[in-house]
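Student: Before I ask anything, here is the structure I am working with.
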Amino acid sequence: MTDHAETLAGCSNVSLLGALQVGKSSLAAQQAGIQVTGNNIANAGTAGYTRQIARLTPNNPIEIQPGSFVGTGVGLAAIERQVNAALDESFRDATSNQNAATILDNYLGRLETTFGALSENDLSTRVASFFNSFSTLANNPADAAQRSVVIQGGVSLASYLKDLRSKVFGIRQDIEAQIGAQATKADTLLKGIAQINQQISSAEAGGGQAGALRDQRDQLLNQLSELMDTRVIEQPNGVVNVLVGSVPVVQGDVARGITTKQSYDATGAMVTTELVFADNGDPVPASTGKIGALVNARVTYITPALETVDNYAAALIQTVNAIHTQGQGTKGFSTVTGSVQVLDATAALNNTTTNGLAFSPTNGTFNLYIKDNTTGLITTKQINVNLSGVGTQTTLNSLVASINTAGGGNVAASVDAAGRLAIVSNNSNVTFTFGEDTSGALASLGVNTFFTGKDALSIDVSSILKTNTDYLATARENIAGSNRNAQALALAGGVAVTDLGGKSLTDYYTNFIGGLAASARNAADDVTAQGVIRDTLFAQREAISGVSLDEEAINLTKYQRAFQGTARFLNVVDEMMQVVLGLVR
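Every number in the numbering used here is 413 more than the matching position in the sequence shown, counting from 1.
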């Protein structure tokens with residue numbers, strides 16, 4: 414044992430200077446650990462900061478004699494950010510999904526509020542009140558006050574539908590504006606990520622990690638995931654490539670520009686904003702996040718809601734007018750002009766593509782009643798509307814000719830300068846009315862109708878009725894005091910409408926509101942569920958990447974004690990060197 418110790422003591426590689434080097438390396442390593450710990454503590458409240466650790470490793474030992482090695486101290490191998498790439502990716506996915514759920518919940522909530530489905534003054538209530546007013550009028554069809562109530566109820570209902578459509582349209586416009594704003598934000602984030610990629614590539618060229626730059630980039634990636642679903646792939650040189658779906662949007666220090674493209678419907682009033690790549694105009698395949706949810710809300714809920722209001726208004730116009738044209742008011746017309754313009758008077762009435770009619774008539778007939786007010790004699794003339802596809806099809810021009818023939822000089826028809834059917838009595842003692850229309854031609858041309866227009870944007874009550882309530886058609890077959898048409902109008906809400914898939918106005922709206930309520934509930938539940946998922950992943954991520962002051966306090970104590978021990982070790986080495994120097998003297 415003594416001989417071995419003497420051998421070691423005599424080795425040139427074992428010396429007090431070597432011991433000093435061991436102490437020096439330890440002091441440097443513990444100081445680095447203390448500095449990293451201090452930096453963690455300093456940034457405990459900094460958003461986006463990722464906890465770092467000083468990874469210490471033993472220095473390479475030296476061989477003092479064959480088979481015998483002695484340590485040379487400790488070194489700082491690296492300062493490492495504490496991250497889990499898979500967990501970060503899952504967190505970004507959860508962030509996209511939560512933001513998408515929140516957007517959808519917001520817009521569905523706005524739709525529910527707009528339709529007032531839970532209120533006592535929603536569309537269904539107003540429509541029911543409107544039809545009930547006909548039922549009241551049927552009790553006394555000649556009551557001028559109640560006739561005014563019916564017409565004003567129609568005016569109020571038309572106004573409500575216009576306002577409802579305007580509000581839904583406003584929600585859609587807001588979505589278009591939001592898509593544009595979020596596209597600008599996404600483009601800025603992508604450029605920022607590419608720029609930091611370049612900085613990281615330069616900073617890490619000599620090895621190690623640029624922690625602060627990586628933190629900044631991660632923050633931008635998290636913000637980008639709020640807007641769209643992304644996939645992040647880190648490269649060996651530290652830069653990341655970012656994909657949306659399977660399409661690269663950032664490759665190294667190059668960001669693919671994102672912008673928007675707008676298109677308009679046939680009216681030029683409705684704009685659709687699409688997220689596209691600036692270089693070739695291809696669509697950006699964002700399926701979740703705020704942008705994906707905005708597009709989803711527009712396509713799945715807002716646009717269909719707008720179409721529902723228009724379809725409902727169109728069905729209301731068509732249903733009420735189809736019944737109203739069957740009857741007569743308390744007085745006949747001396748002149749009447751249809752409210753609908755026909756673009757081509759030579760086209761068949763059911764060729765709506767050419768003539769521009771919103772509602773297509775069918776093969777059938779209607780009656781023209783000509784009354785001699787002096788004698789009270791009513792002459793019935795049946796007007797044929799041939800749209801059977803066989804023989805000469807009825808056009809506006811041929812319809813005018815048929816009415817003129819039936820009118821016998823007392824009643825004349827023409828096409829006015831605006832392309833509308835105009836009918837006038839040529840005899841001051843003669844008036845005329847209509848009824849028993851099986852063709853729907855009168856309703857299609859806007860003659861003897863209650864409503865005008867073709868959708869919620871254009872719906873209104875006929876100006877003729879607004880001016881004179883006597884023309885409100887409550888009777889049938891020109892029977893004085895008849896209430897048959899008023900009774901039929903009172904039941905119009907339950908009539909099956911072909912354009913509503915065979916549903917009545919009442920059932921169609923009830924189904925829509927029920928579907929909207931269910932979608933809104935599901936969206937609210939999804940917000941809660943996605944929030945829980947994101948919060949859980951955030952907590953897991955924070956357990957790895959977040960700063961725990963308690964843990965850092967322990968690390969600080971650990972490095973402090975190691976530093977103190979090293980100082981004590983160096984003090985002993987110094988005392989030994991003093992002894993050696995004393996021997997020399």
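Yeah, the Cβ is synthetic: ideal placement off N, Cα and C, and Gly gets one too.
Residue range of the alpha helix (DSSP H) that serine 638 falls in?
Tutor: From DSSP, the alpha helix (DSSP H) with serine 638 extends over 624-640.
Student: Return the chain-ordered list of same chain residues with a C-beta closer than 6 Å to the C-beta of aspartate 666, the five sequence neighbours on each side being excluded.
Tutor: For aspartate 666, where only same-chain residues beyond five positions count, the Cβ hits under 6 Å are Ala607, Asn610, Gln611.
Student: So, at 7 Å on beta carbons, what are the nonlocal neighbours of valine 689 in its own chain, with the 5 sequence-adjacent residues on each side left out?
Tutor: If we look at valine 689 and ignore the five residues flanking it on each side, its Cβ neighbours are Thr672, Thr673, Lys674, Asp695, Pro696, Val697.
Student: Assuming lysine 580 and leucine 870 are in contact, meaning their beta carbons sit under 8 Å apart, how far apart are those beta carbons, in whole angstroms?
Tutor: That belief does not hold up - the Cβ atoms of lysine 580 and leucine 870 are roughly 13 Å apart, past 8 Å.
Student: Should glutamine 595 go down as buried or exposed, given a rule of 16 or more other Cβ atoms within 10 Å for buried?
Tutor: Buried, since its Cβ has 16 or more Cβ neighbours within 10 Å.
Student: Inspect the beta-carbon positions of threonine 818 and leucine 800 and report whether they are closer than 7 Å.
Tutor: Going by C-beta atoms, threonine 818 is not nearer than 7 Å to leucine 800.
Student: If you reduce the DSSP assignment to three classes, tell me which class isoleucine 646 lands in.
Tutor: In the structure shown, isoleucine 646 sits in a strand (DSSP, three-state: E or B).
Student: Spatial neighbours of leucine 878 within its chain, please: C-beta separation below 7 Å, excluding the five flanking residues on both sides.
Tutor: Excluding residues within five positions, the ones whose Cβ falls inside 7 Å are Ile564, Phe863, Tyr884, Leu885.
Student: Tell me whether glutamine 806 sits in a helix, a strand or coil according to DSSP, three-state version.
Tutor: The answer is coil: DSSP assigns glutamine 806 none of H, G, I, E or B.
Student: Starting from valine 997, trace the alpha helix (DSSP H) in both directions and tell me its first and last residue.
Tutor: Element bounds for valine 997: 962-997.
Student: DSSP has asparagine 654 in a bridge; who is on the other side?
Tutor: Asparagine 654 is bridged to Ile646.
Student: Identify which residue in Ile584, Gly802, Leu770 has its Cα closest to the Cα of leucine 517.
Tutor: If we check each option's Cα against that of leucine 517, Ile584 comes out closest.
Student: At what residue ranges does the region 470-551 contain a whole run of the beta strand (DSSP E), taking only runs of 3 or more?
Tutor: Complete beta strand (DSSP E) runs here, min 3: 475-478, 481-483, 487-494.
Student: Report all residues from its chain with a CB closer than 7 Å to the CB of asparagine 635; omit the five preceding and five following residues, and keep chain order.
Tutor: So the list reads Arg505, Thr508, once near-sequence residues are dropped.
Student: Whose CA, out of Thr882, Ala691, Thr643, Gln806, lies closest to the CA of threonine 743?
Tutor: Closest option to threonine 743, Cα to Cα, is Thr882.
Student: With DSSP as the reference, label glycine 423 as helix, strand or coil.
Tutor: Note that glycine 423 has pLDDT 44, beneath the 50 cutoff, so the model's placement of it is unreliable and the number below is only indicative. In this structure, glycine 423 counts as helix in the three-state DSSP scheme.
Student: Please list the segments of the alpha helix (DSSP H) lying wholly inside the region 843-929, counting only runs of 4 or more residues, in order along the chain.
Tutor: With a minimum length of 4 residues, the continuous alpha helix (DSSP H) runs that stay inside the region 843-929 are 854-858, 876-880, 897-903.
Student: Who are the near neighbours of threonine 515 in its chain, counting only those whose CB is closer than 7 Å to its CB and skipping five residues on each side?
Tutor: Hits under 7 Å: Val940.
Student: Could you tell me the boundaries of the alpha helix (DSSP H) in which serine 700 lies?
Tutor: That residue, serine 700, is in no alpha helix (DSSP H); it is neither H nor E in DSSP.
Student: Using three-state DSSP, classify asparagine 553 as helix, strand or coil.
Tutor: Note: asparagine 553 maps to coil in three-state DSSP.
Student: Determine the direct distance from the alpha carbon of glycine 777 to that of isoleucine 816, and round the result to whole angstroms.
Tutor: So the alpha carbons of these two residues sit roughly 15 Å apart.
Student: Let me confirm a value: aspartate 402 is counted as buried when at least 16 other C-beta atoms fall within 10 Å, else exposed. Which label applies?
Tutor: As shown, the chain starts at 414 and ends at 998. That puts residue 402 outside it, with no answer to give.
Student: Counting Cβ pairs, one atom from each stretch, are 3 or more of them under 8 Å apart for the region 524-536 and the region 982-997?
Tutor: Judged by Cβ distances under 8 Å, the region 524-536 makes no contact with the region 982-997, as fewer than three pairs qualify.
Student: By a C-beta neighbour count over all protein chains shown, 10 Å radius and 16 as the cutoff for buried, is phenylalanine 779 buried or exposed?
Tutor: It is buried - the Cβ of phenylalanine 779 has at least 16 other Cβ atoms within 10 Å.
Student: Mark asparagine 984 as exposed unless 16 or more other C-beta atoms lie within 10 angstroms of its C-beta, in which case mark it buried.
Tutor: Under this definition asparagine 984 is an exposed residue.
Student: How about the region 851-866 and the region 701-709: do they share at least three Cβ pairs that are nearer than 8 Å?
Tutor: With the cut-off at 8 Å, the region 851-866 and the region 701-709 do not touch.
Student: DSSP has isoleucine 783 in a bridge; who is on the other side?
Tutor: Answer by DSSP bridge pairing, in chain order: Thr792, Phe845.
Student: Does the distance from the C-beta atom of leucine 969 to that of threonine 450 stay below 7 Å?
Tutor: In contact: leucine 969 and threonine 450 (Cβ atoms closer than 7 Å).
Student: Tell me which residues share the same chain as proline 554 and place their Cβ nearer than 6 Å to its Cβ, disregarding the 5 neighbours each side in the sequence.
Tutor: Thr887, Asn896, Ala899, listed in sequence order.
Student: Using only CA atoms, which one of Ala618, Leu656, Gly866, Ser638 lies nearest to proline 649?
Tutor: When each option's Cα is compared against that of proline 649, the closest is Ala618.
Student: Output needed for valine 755: all residues of its chain with C-beta closer than 6 Å, excluding positions within five of it in sequence on either side, in chain order.
Tutor: Counting only Cβ-Cβ distances below 6 Å, and skipping sequence neighbours, we find Asn768, Leu809, Gly832.
Student: Counting along the chain, where does the beta strand (DSSP E) carrying glutamine 675 start and finish?
Tutor: Residues 671-677.
Student: Compare the beta carbon distance of glycine 670 and asparagine 512 with 7 Å and say whether it is the shorter of the two.
Tutor: No. Outside cutoff.
Student: So glutamate 617 is in the alpha helix (DSSP H); what residue range does that whole segment cover?
Tutor: Note, glutamate 617: premise wrong, no alpha helix (DSSP H); not H, not E.
Student: Check the C-beta distance from aspartate 501 over to arginine 947 and give it rounded, since I have them as a contact under 8 Å.
Tutor: Actually they are not in contact, since the Cβ atoms of aspartate 501 and arginine 947 sit about 13 Å apart, beyond 8 Å.
Student: On the DSSP bridge list, what partners appear for isoleucine 447?
Tutor: Its beta-bridge partners do not exist; DSSP assigns none.
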